[in-house]
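Q: Here it is, the structure in full.
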Amino acid sequence: MADGLRETVGRLVSAPRFERAITALIVINAVILGLETSERAMAAAGELLITID
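Under the numbering used here, the letters of the sequence shown match residues 26 to 78, in that order.
Structure, rendered in structure tokens:
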């Protein structure tokens with residue numbers, strides 16, 4: 026059973042769609058972290074940015 030699960034998870038994480046999704050999440054997180062350093066962005070949407078982060 027563990028080998029089947031390991032194989033299934035291996036296929037999932039090596040799928041191009043999964044890799045693109047993880048890359049997109051990393052980029053979105055980087056943008057949010059960058060916005061959190063801006064006083065103007067934090068004043069306008071600070072609570073939302075913190076919630077998303």
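C-beta atoms are modelled at their ideal positions from N, C-alpha and C, and glycine is treated no differently.
Small disclaimer: the values here were computed from a predicted structure and weren't measured.
#1: Where do the ends of the alpha helix (DSSP H) carrying E64 lie?
#2: Any idea what DSSP makes of E61, helix, strand or coil?
#3: Leaving out five residues on either side along the sequence, give the residues of the same chain with a beta carbon under 6 Å from the beta carbon of L60.
#4: Quick check: the Cα distance between L58 and A49, rounded to an integer number of angstroms?
A: Let me spell this out:
#1: 64-77
#2: coil
#3: A66, L74
#4: 14 Å
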